[in-house]
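Student: Here it is: the structure, laid out below.
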Amino acid sequence: MQPPKKYSFIRYLSSKKSVDDRALNRHVLQKLRAVVPVASVDNPLHVLEVGCGIGTMIERMIDWDILTYANYVAIDVDPGNIIESLHRLSRWVEKRDFKFSRSSGQSTLIKMAAGNVSITFHPIDLYDFFEKNKDKQNWNLLIAHAFMDLVHMPATIPCFCKRLKPGGLLYLTLNFDGVTSLLPVLHDHLDEKIITLYHRSMDERIINGKQAGGSRTGRKLFAQLQSAGAKILAAGSSDWIVYPAEGCYLQDEAYFLHYIIHTIYEELNTHPSLDSKGFNAWINKRHEQIERGELIYIAKQLDFLAQLTGSL
Numbered sequence: 081m082q083p084p085k086k087y088s089f090i091r092y093l094s095s096k097k098s099v100d101d102r103a104l105n106r107h108v109l110q111k112l113r114a115v116v117p118v119a120s121v122d123n124p125l126h127v128l129e130v131g132c133g134i135g136t137m138i139e140r141m142i143d144w145d146i147l148t149y150a151n152y153v154a155i156d157v158d159p160g161n162i163i164e165s166l167h168r169l170s171r172w173v174e175k176r177d178f179k180f181s182r183s184s185g186q187s188t189l190i191k192m193a194a195g196n197v198s199i200t201f202h203p204i205d206l207y208d209f210f211e212k213n214k215d216k217q218n219w220n221l222l223i224a225h226a227f228m229d230l231v232h233m234p235a236t237i238p239c240f241c242k243r244l245k246p247g248g249l250l251y252l253t254l255n256f257d258g259v260t261s262l263l264p265v266l267h268d269h270l271d272e273k274i275i276t277l278y279h280r281s282m283d284e285r286i287i288n289g290k291q292a293g294g295s296r297t298g299r300k301l302f303a304q305l306q307s308a309g310a311k312i313l314a315a316g317s318s319d320w321i322v323y324p325a326e327g328c329y330l331q332d333e334a335y336f337l338h339y340i341i342h343t344i345y346e347e348l349n350t351h352p353s354l355d356s357k358g359f360n361a362w363i364n365k366r367h368e369q370i371e372r373g374e375l376i377y378i379a380k381q382l383d384f385l386a387q388l389t390g391s392l
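Each number in the numbering used here comes from the position in the sequence shown (counting from 1) with 80 added on.
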């Protein structure tokens, strides 16, 4: 496909679902499945997902038999993502033998053969949500998918832990860990310079007046979780690996790649250390590689499952 004239974040989130599905670490996932409490209609699992995007993790948690009976609260700062989540879930259940009902506002109920999941969406900032619920320990499981490099970890991880019930679980996935590879290499020196500056932009990112995540979020989570009193139950690689097969990419993954290259462009197109003509030519060549089904993209990431001490 040719580079889009306009880019849609919602389509990007949709296009990366197949990439994420492959990437998520199965050892960590199996550990989550093994330790998540058995739920029932009278004792459902209480789940909070922060930065829920368009609801793809909800789909996974049900498809991969993590959730049976659950009250699931999903928050995202972008109301458009939540609107898309509701539309997407209604289409998703049609492909399965589930029943889907939507109550007033932004709440839904998914009924399966062996359980039901009540989902409530909130278009709200993470810290505003926590401020409204600052005295409550509500959650058995907190999920943050491809999220931790967007927040200030020293403040956020303790906030997560304070909202978990004793013994509650943290499932933190796709945490970037400092390696981006674009193949084939176009120009050794320029490729290295662009990737170095791109990673540095992550390290210098400021959100709400605080440093957000960084290019080595994954490895830093080991210490951050332990200092917050959470025991790491499992950790493992969850690398994004996107490559063509016989000149074609799976599903909508060509769009995903175009979006990644566009993100690099948006981040660095005014950087004083880069010659604009050379940088623009590099960006255009990367898009052309995608069009020809040549580009290979690898991003190093880590998944974590951690638990507070105590019983659920």
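Each residue gets a CB set at the ideal place from its N, CA and C atoms; glycine is no exception.
In the DSSP output, what is Asn196 paired with across the bridge?
Tutor: Its beta-bridge partners are Lys191.
Student: Note down, in chain order, each residue of its chain lying with its Cβ closer than 6 Å to the Cβ of Val153, except the 5 sequence neighbours on either side.
Tutor: If we look at Val153 and ignore the five residues flanking it on each side, its Cβ neighbours are Leu128, Thr200.
Student: Look at Val265 and Leu206 and say whether their C-beta atoms are less than 9 Å apart.
Tutor: No, they are not a contact pair.
Student: So the beta strand (DSSP E) Asn220 belongs to, where does it begin and stop?
Tutor: Asn220 -> beta strand (DSSP E) spans 219–225.
Student: Look up Pro203 in the DSSP assignment and say whether it is helix, strand or coil.
Tutor: The answer is strand: DSSP assigns Pro203 an E or B state.
Student: DSSP state of Cys241, grouped into three classes?
Tutor: The answer is helix: DSSP assigns Cys241 an H, G or I state.
Student: Does the segment 184–192 touch the segment 206–226, meaning 3 or more C-beta pairs lie closer than 8 Å?
Tutor: Contact between the segment 206–226 and the segment 184–192 is absent, because fewer than three Cβ pairs lie under 8 Å.
Student: Do the segment 330–338 and the segment 358–378 meet, that is, are 3 or more Cβ pairs less than 8 Å apart?
Tutor: Yes, the segment 330–338 is in contact with the segment 358–378.
Student: Taking just the CA atoms, how far does Asn220 sit from Lys245?
Tutor: Answer to the nearest angstrom: the Cα atoms are 6 Å apart.
Student: Scan the segment 298–326 and note each continuous beta strand (DSSP E) run of 3 residues or more that stays entirely inside, going in chain order.
Tutor: The segment 298–326 contains these whole beta strand (DSSP E) runs: 310–317, 320–322.
Student: Over the uninterrupted beta strand (DSSP E) stretch that includes Ser353, give me the two end residues.
Tutor: No beta strand (DSSP E) contains Ser353, which DSSP labels as neither H nor E.
Student: Please return the same chain residues whose Cβ sits closer than 8 Å to the Cβ of Ile312, not counting the five positions on each side in sequence.
Tutor: Counting only Cβ-Cβ distances below 8 Å, and skipping sequence neighbours, we find Phe302, Leu305, Gln306, Phe384, Leu385, Ala386.
Student: Please state whether DSSP places Glu272 in a helix, a strand or coil.
Tutor: If DSSP states are grouped into helix, strand and coil, Glu272 belongs with the helices.
Student: Quick one: what does DSSP say Gly247 is sitting in, helix, strand or coil?
Tutor: Strand.
Student: Note down the Cα distance separating Tyr87 from Leu270, rounded to an integer number of angstroms.
Tutor: If I take the Cα positions, the gap works out to 25 Å.
Student: What is the DSSP secondary structure of Ala50, counted as helix, strand or coil?
Tutor: Because the chain spans 81 through 392 in this model, residue 50 falls outside it and cannot be assessed.
Student: With distances taken from CA atoms, which of Phe180, Leu375, Met228 is nearest Ile321?
Tutor: Ranking the options by Cα distance to Ile321, first place goes to Leu375.
Student: Please state if the CB of Ala292 and the CB of Arg285 are separated by a distance shorter than 9 Å.
Tutor: Closer than 9 Å, so yes.
Student: Within a Cβ cutoff of 7 Å, which residues of the same chain sit near Trp362, ignoring the five residues on either side of it in sequence?
Tutor: The answer, listed in chain order, is Leu266, Leu270, Ile274.
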